[in-house]
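**Q**
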Amino acid sequence: MRQYDNIKPLCTPLSVLLLFLLLVTGCSNTLKSGWTDFNAYFNTYYNGKTSFDRGVSQVRSQREDINPERPIGVYQKPVQTAQEDFIIAIEKSADILRFHPTSGYVDKAIEMIGKSYFYQGRFFPASQKFLELYATTSSEKTRQRAVLWRGRSLIELENYNEGLSYLQSQLFSSDYEWDDEIKSGINLLIGQLYVHNREWEDAARYLSEGLEGVNDRELRARANFLHGQVLEKLGQEREAFRAYDRASDPANPDFSVTYHAMKKKGQMARKTGDYQWAYDFFVSMTRDDKFFEYQGDLLYEVARTLQESGDYAGAMEEYDDLLHQNLHSPGRESIAKTYFGLAEIYRDHYQDYTLAAAYYDSSAQQIADLSRLPEDFNARLLADSYGAYANLIDRVQRLDSLLHLGSLPDEEFDAAIASVREQKVQEAEQQEAELQSTDDRMIMAEDIEPTDAAEETENGFLNHRNARVMNQVSQAFTAYWGPRPLIDNWRRAEAVRIAVINRTNNGDGTPATESGGQVIDEMLEEEEEGAGDGQVIVDLSDIPFTEEERAETREQIAETYYEIGNVFFLTLNMPDSAIQRYTGVIEKFPDSRLAPQAMYSLSETYHSVSDTVKSREVAENLIEKYPESRFAKQIAESHRITLEETVMNRQDSLDQRYRDILDDLDESPSEANAERLKTFAATYPDSEKASLALYQAATEFISLARGGDGPNRKSLYEGAYWDSTRVVLADISKNYASFPAMARVELLQEEIQAEGGMFTGDQLDEIPELIGGVEELLNQSGLQQQINSMSISTTYRLTVTVDKTGQPTGVRPAAENEDHSDLRDELIEAILVHARFTPPLAGGQPVNARFEWDIPVKYDEFRR
Numbered sequence: 001m002r003q004y005d006n007i008k009p010l011c012t013p014l015s016v017l018l019l020f021l022l023l024v025t026g027c028s029n030t031l032k033s034g035w036t037d038f039n040a041y042f043n044t045y046y047n048g049k050t051s052f053d054r055g056v057s058q059v060r061s062q063r064e065d066i067n068p069e070r071p072i073g074v075y076q077k078p079v080q081t082a083q084e085d086f087i088i089a090i091e092k093s094a095d096i097l098r099f100h101p102t103s104g105y106v107d108k109a110i111e112m113i114g115k116s117y118f119y120q121g122r123f124f125p126a127s128q129k130f131l132e133l134y135a136t137t138s139s140e141k142t143r144q145r146a147v148l149w150r151g152r153s154l155i156e157l158e159n160y161n162e163g164l165s166y167l168q169s170q171l172f173s174s175d176y177e178w179d180d181e182i183k184s185g186i187n188l189l190i191g192q193l194y195v196h197n198r199e200w201e202d203a204a205r206y207l208s209e210g211l212e213g214v215n216d217r218e219l220r221a222r223a224n225f226l227h228g229q230v231l232e233k234l235g236q237e238r239e240a241f242r243a244y245d246r247a248s249d250p251a252n253p254d255f256s257v258t259y260h261a262m263k264k265k266g267q268m269a270r271k272t273g274d275y276q277w278a279y280d281f282f283v284s285m286t287r288d289d290k291f292f293e294y295q296g297d298l299l300y301e302v303a304r305t306l307q308e309s310g311d312y313a314g315a316m317e318e319y320d321d322l323l324h325q326n327l328h329s330p331g332r333e334s335i336a337k338t339y340f341g342l343a344e345i346y347r348d349h350y351q352d353y354t355l356a357a358a359y360y361d362s363s364a365q366q367i368a369d370l371s372r373l374p375e376d377f378n379a380r381l382l383a384d385s386y387g388a389y390a391n392l393i394d395r396v397q398r399l400d401s402l403l404h405l406g407s408l409p410d411e412e413f414d415a416a417i418a419s420v421r422e423q424k425v426q427e428a429e430q431q432e433a434e435l436q437s438t439d440d441r442m443i444m445a446e447d448i449e450p451t452d453a454a455e456e457t458e459n460g461f462l463n464h465r466n467a468r469v470m471n472q473v474s475q476a477f478t479a480y481w482g483p484r485p486l487i488d489n490w491r492r493a494e495a496v497r498i499a500v501i502n503r504t505n506n507g508d509g510t511p512a513t514e515s516g517g518q519v520i521d522e523m524l525e526e527e528e529e530g531a532g533d534g535q536v537i538v539d540l541s542d543i544p545f546t547e548e549e550r551a552e553t554r555e556q557i558a559e560t561y562y563e564i565g566n567v568f569f570l571t572l573n574m575p576d577s578a579i580q581r582y583t584g585v586i587e588k589f590p591d592s593r594l595a596p597q598a599m600y601s602l603s604e605t606y607h608s609v610s611d612t613v614k615s616r617e618v619a620e621n622l623i624e625k626y627p628e629s630r631f632a633k634q635i636a637e638s639h640r641i642t643l644e645e646t647v648m649n650r651q652d653s654l655d656q657r658y659r660d661i662l663d664d665l666d667e668s669p670s671e672a673n674a675e676r677l678k679t680f681a682a683t684y685p686d687s688e689k690a691s692l693a694l695y696q697a698a699t700e701f702i703s704l705a706r707g708g709d710g711p712n713r714k715s716l717y718e719g720a721y722w723d724s725t726r727v728v729l730a731d732i733s734k735n736y737a738s739f740p741a742m743a744r745v746e747l748l749q750e751e752i753q754a755e756g757g758m759f760t761g762d763q764l765d766e767i768p769e770l771i772g773g774v775e776e777l778l779n780q781s782g783l784q785q786q787i788n789s790m791s792i793s794t795t796y797r798l799t800v801t802v803d804k805t806g807q808p809t810g811v812r813p814a815a816e817n818e819d820h821s822d823l824r825d826e827l828i829e830a831i832l833v834h835a836r837f838t839p840p841l842a843g844g845q846p847v848n849a850r851f852e853w854d855i856p857v858k859y860d861e862f863r864r
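Here our numbering is used: position 585 in the sequence shown is 585, and no number is missing along the way.
1. With DSSP collapsed to three states, give me the class of K689.
2. Identify, in the order they occur along the chain, each residue of the same chain with its Cβ nearer than 7 Å to the Cβ of Y294, setting aside the five sequence neighbours on each side.
3. Could you tell me whether the segment 68-75 touches the segment 189-209, where touching means 3 or more Cβ pairs closer than 8 Å?
4. Terminal residues of the continuous alpha helix (DSSP H) containing K804?
5. Given a threshold of 16 other Cβ atoms within 10 Å of its Cβ, counted over all protein chains shown, does V613 qualify as buried or as exposed?
6. Rounded to whole angstroms, what is the Cα-Cα separation between T605 and I579?
7. According to DSSP, is W853 part of a helix, a strand, or is it coil?
8. Express the C-alpha separation of V728 and K734 in angstroms, rounding to a whole number.
9. Would you tell me roughly how many angstroms separate the C-alpha atoms of Y117 and R836, rounded to the nearest one?
10. Excluding the 5 residues preceding and the 5 following E111 in the sequence, name in chain order all residues of the same chain whose CB lies nearer than 6 Å to its CB.
11. DSSP three-state label for S878, please.
12. For P813, which of helix, strand or coil comes out of DSSP?
13. Please report the straight-line C-alpha distance between D854 and A358, rounded to a whole angstrom.
14. Using the C-alpha atoms, what's the distance from L403 back to V425?
15. Indicate the three-state DSSP secondary structure (helix, strand or coil) for K92 in the structure shown.
16. Consult DSSP for T81 and reduce its assignment to one of helix, strand or coil.
17. Out of curiosity, what's the CA-to-CA distance linking Y389 and S592?
18. Which of the three DSSP states, helix, strand or coil, is assigned to L188?
19. Please report the distance separating the alpha-carbon of K141 from that of D216.
20. Nearest-angstrom Cα distance between H607 and S601?
21. Short of 8 Å in beta carbon distance, which residues of its chain neighbour T725, apart from the five on each side in sequence? Order them along the chain.
22. Would you kindly work out how many angstroms separate the C-alpha atoms of I623 and K633, rounded to a whole number?
23. For the alpha helix (DSSP H) containing L322, list its first residue and its last residue.
24. Are G48 and Y119 touching if we call contact CB-CB under 8 Å?
25. Under DSSP, the alpha helix (DSSP H) around G210 begins and ends at which residues?
26. By Cβ distance, which residues of its chain are closer than 6 Å to G844, with the 5 residues on each side in sequence left out?
27. Taking E852 and G761 to be in contact with their CB atoms under 8 Å, please state how far apart those CB atoms are, rounded to whole angstroms.
28. Decide yes or no for the touch test of the segment 363-374 against the segment 398-415: beta carbon pairs closer than 8 Å, at least 3 of them.
29. Can you say whether F172 is buried or exposed, counting buried as having 16 or more other CB atoms within 10 angstroms of its CB?
30. Just how far apart, CA to CA, sit A558 and R398?
31. Going by the beta-carbon positions, is the gap between E218 and L231 smaller than 8 Å?
32. In the DSSP output, which residue or residues are listed as bridge partners for F759?
33. Looking at the structure shown, is F377 part of a helix, part of a strand, or coil, going by DSSP?
34. Can you confirm whether R395, when its beta carbon is compared against all beta carbons of chain C, has any partner nearer than 8 Å?
35. In the DSSP assignment, what residue or residues form a beta bridge with A243?
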C-alpha cells in the first residue's frame with residue numbers, strides 16, 4: 001500500500017460546501033473594496049471638473065475690447081478671474097494622480113491641471129503639464145490636444161520661434177492621423193506665430209488653411225479678422241474686405257470683433273477707392289443703435305472718408321462736429337486722429353503749415369495709448385517739424401522786410417516808418433478802447449454757479465476740467481483786470497512801448513538809426529522819470545542800412561532757405577519741396593557761402609528719388625562753379641568724376657600757406673595767433689586745413705581765457721575769450737561736420753557751456769523727456785533691427801547735454817570706466833543726430849542743462 005492510501009478524499013459534499021462559502025465571501029469583499037475605490041476617484045475627478053467648468057465659463061464670459069490697430073490673437077488671451085475654482089480643480093486632479101495613479105482618469109486629470117494653469121496665467125507650468133500629458137497618454141487624440149495647448153502656452157510666453165518650430169515639427173510628423181478641428185487650430189497658431197515675426201505671406205497661407213476646419217463661431221470670427229489684418233499688410237485690400245466681412249458675423253457672441261470687423265470693411269472700401277460705398281456704410285452704422293457707444297469713432301470714419309475722397313470742406317465740417325458733439329464723447333485716439341486729419345488738410349490742401357503744426361501738436365497731446373493708433377502715427381514728430389518750418393518762414397519774411405526797408409531811399413523809408421507808426425497808434429487806441437469797455441463790465445464772484453463736492457471731485461482741482469466754470473472765472477478776471485499782459489512790470493513795459501523815436505539826421509550827417517541803441521537807452525531813462533507817455537516806439541535797430549549789413553542779411557536769408565530745405569528732405573520726407581528750396585538758394589544767392597552746400601544737397605535729393613541724370617548734372621555744375629569747395633571733392637568721389645588738376649594744385653598751395661602761418665605764430669598763446677588762424681579759415685573755407693585752423697584758433701582763445709598772471713586778469717578777459725571760443729567751435733560744428741576731431745570739439749563745447757551757466761539734473765524743474773520716445777528713436781536710426789539681430793537687452797546710463805531748446809549738444813557714458821561697446825557708441829551717435837528733448841527748465845525758464853539718462857534697449861522678439 002502506498003503511503004497515501006489512508007487519506008480520505010477531499011471532495012466530500014461537506015468540504016465542497018465549505019470551500020464554496022469561503023470563495024463567495026472573499027469575492028464579495030474584493031468587489032466591495034473595488035467599488036469603493038472607483039467611487040472615490042470618480043467623485044474626486046468630477047468635483048474638480050465641476051469647479052474647472054465653472055471657472056472656464058467665467059473666463060469666457062469676460063470679453064476684451066480688441067485693438068484693431070495691432071494684430072489680434074486667434075484665441076482670446078485668458079483674463080485673471082475664477083482663481084479659486086481653478087485652484088480646486090488643480091487640487092482634485094492632483095488627488096487623482098496621487099491616490100489613484102492607475103485609474104482611467106489620469107489623462108483627464110493631467111489635462112485639467114494644464115488648462116487650469118493656463119487660465120490662471122501660469123503659462124510655463126501649463127506648458128510643462130502638456131508635455132507630461134503628451135508623454136504619458138496612450139490616446140492619440142489626447143496627444144494632439146496636448147500639442148495644441150502647449151502651442152497656445154508658448155505663444156502667451158512670447159516664445160515665438162520655439163513655438164513655431166515645435167508646432168511645425170508636430171504638424172508634419174507622420175505619427176499622427178490628425179483630427180480635422182485640432183489640425184485647423186494648430187494651423188491658426190502657426191499663422192499667428194508668423195504674424196509675430198512679420199512674415200505676412202506665410203501667415204496668410206497658414207491662416208487660410210486653418211480656417212477651413214474651424215467649427216467654433218467665435219474662433220472663426222477672430223481668425224478671419226486676423227486674416228484680414230494680414231491681407232491688409234500685404235496690400236490686398238479687396239481680399240481683406242472679404243475676410244473682414246466673414247469676421248463680422250452678427251451671431252458671434254464677441255461684439256467687439258463684430259464691430260471692428262464692420263469698421264474695417266468700410267476702411268477697406270475706402271482704400272480701394274469706393275468712397276461713396278464707404279461713406280454710406282459708415283453713416284448707416286452711426287444710425288444703428290447697436291453702435292451708439294461708438295458714435296464718436298464712427299463720425300471720425302465718416303469725416304476721414306470725405307477727406308480721402310477730396311471733399312475737404314465736408315471733412316472739416318464733420319471733424320468740427322465730432323470735436324464738439326455732445327451725444328457721446330469720442331475716445332482720445334479718435335480725437336487724436338481727428339486733429340491729425342485737420343492737420344493734413346491744412347498741410348496738403350491749404351498749404352498752411354503754421355496751422356498744420358498747431359493741429360499736429362493738438363493731436364500729439366491727445367495720445368494716451370500709442371498702441372491703439374496706426375503704427376505710422378507720428379504726430380509729435382510732424383508737429384515739431386512743421387513748427388520749425390513755420391518759424392523759419394516767419395524768419396525769412398521778417399528778414400526780407402528788413403532788407404527791403406534798409407534798401408529804400410530816405411523819402412520812401414520815412415513814409416514806410418510813418419505808416420508803421422500810424423498802425424501802431426491805431427492798435428494802441430483800439431486796445432485802450434477795449435480795456436475801457438471791459439472796465440465798465442464786472443462779473444461778481446457770486447455770479448459763478450456754485451458746485452457741490454461731488455461735482456468738484458468729478459471736475460478736478462479747482463474745477464479745471466469744467467469748461468463752463470473756467471469760462472465764467474476767466475470772464476470775471478478779465479472784467480476786473482482788463483486784457484493786460486500776464487507778466488511782471490507790465491505797466492512800465494507799456495510805457496516804453498508808447499514812447500517814440502523820430503528818425504532825424506545827426507549833426508555829422510549819419511542817420512540816427514546807427515545810434516538807435518543810444519536813442520532807445522535815452523528813452524528808457526526818460527520813461528523811468530515818467531516821460532514819453534502817449535507816443536509810439538518804432539524799433540529800427542535791426543534794419544540793415546549799410547551794404548555790409550545788407551550782405552549779412554542776405555546770407556541769413558540764404559541760410560534760412562537752406563534750413564527749410566533740410567526740414568523738407570531730412571524730416572518731412574518731401575523731396576520735391578526740398579528741391580525747390582535748395583534751388584532757391586542756388587539761384588537767388590549764388591554768391592552765398594551756402595550755395596555750394598545747397599548744390600551738394602540738391603544732387604543728393606535728386607539721387608534719393610532715383611533721378612540719377614539730374615543728380616549728376618547738378619554735381620557737374622557744382623564742380624564747374626565751385627571747384628575749390630570741399631563739397632566739389634565730396635561729390636566728385638560719390639559720382640566718380642575726375643576733378644581738374646588745378647583744383648588739386650590749389651589745395652597743395654593752400655596747405656603751404658597754412659604751414660607758413662604756423663611757422664609765424666607767436667610761441668605763447670595770443671589773440672593775434674587766433675585771429676590769423678581765423679582769417680585763414682575765412683579766406684579759404686574750401687581748404688582742407690580750414691577746420692583745423694579754426695580748431696587751433698579755439699585752443700588759443702581757451703588758453704587766453706584760462707591764463708593770466710592773477711585772478712583780476714582772468715575775470716577781466718574770461719568772458720570775451722570764452723565767447724570767441726564758442727563762436728569758433730560753433731563754426732566748426734556747423735560747416736565742417738566731417739572734421740576728424742569733432743568728438744573733441746563737442747566735448748569742449750560741453751565744458752564751455754558748463755563754464756557759462758550749465759544746470760545739472762538736480763537743479764532742473766524736471767528731467768527733460770525724449771520727444772517721441774526711445775522706441776521711435778531706435779526705429780528711426782535703424783538701431784532696433786541691429787538690437788533684434790543681436791538679441792540684446794540692457795540699459796545704458798549716459799550723460800546728456802542739451803541746449804535751451806532741448807537739442808543735444810553732447811552725449812557720453814556716465815561712467816568713465818565703462819566697458820567699450822560699439823552699440824553704445826552708435827546709440828550715442830543716434831541721439832546726437834536724431835534725438836530731441838523737451839526744453840530743460842529751471843524756475844520755469846529755459847536753460848542749458850546736463851543730466852544723467854538711463855536709456856533701455858531691448859530686442860523685440862516680435863520683429864526679430
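From the three backbone atoms N, C-alpha and C, an ideal C-beta is built for every residue, glycine too.
**A** Taking the geometry as given:
1. Residue state for K689 is assigned as coil, using DSSP reduced to three classes.
2. Y259
3. yes
4. Run containing K804: none; DSSP gives neither H nor E here.
5. Taking all protein chains in view, the Cβ of V613 is surrounded by fewer than 16 other Cβ atoms within 10 Å, so the residue is classified as exposed.
6. It is roughly 7 Å from the alpha-carbon of T605 to the alpha-carbon of I579.
7. strand
8. 10 Å
9. 45 Å
10. L133
11. Nothing can be reported for residue 878: it is not among the residues displayed for the chain, which extend from 1 to 864.
12. Judged by DSSP in its simplified three-state form, P813 adopts strand.
13. 31 Å
14. Approximately 24 Å between the Cα atoms of the pair.
15. helix
16. coil
17. 21 Å
18. helix
19. 18 Å
20. 10 Å
21. A698, F701, I702, A705, L748, I752
22. 8 Å
23. 312-324
24. No, they are not a contact pair.
25. Per DSSP, G210 belongs to the alpha helix (DSSP H) from 200-211.
26. none
27. The pair is a contact, with the Cβ atoms about 6 Å apart (cut-off 8 Å).
28. no
29. exposed
30. 13 Å
31. no
32. A849
33. coil
34. Although the question refers to chain C, the structure presented lacks it and comprises just one protein chain.
35. Partner(s): none; A243 has no beta bridge.
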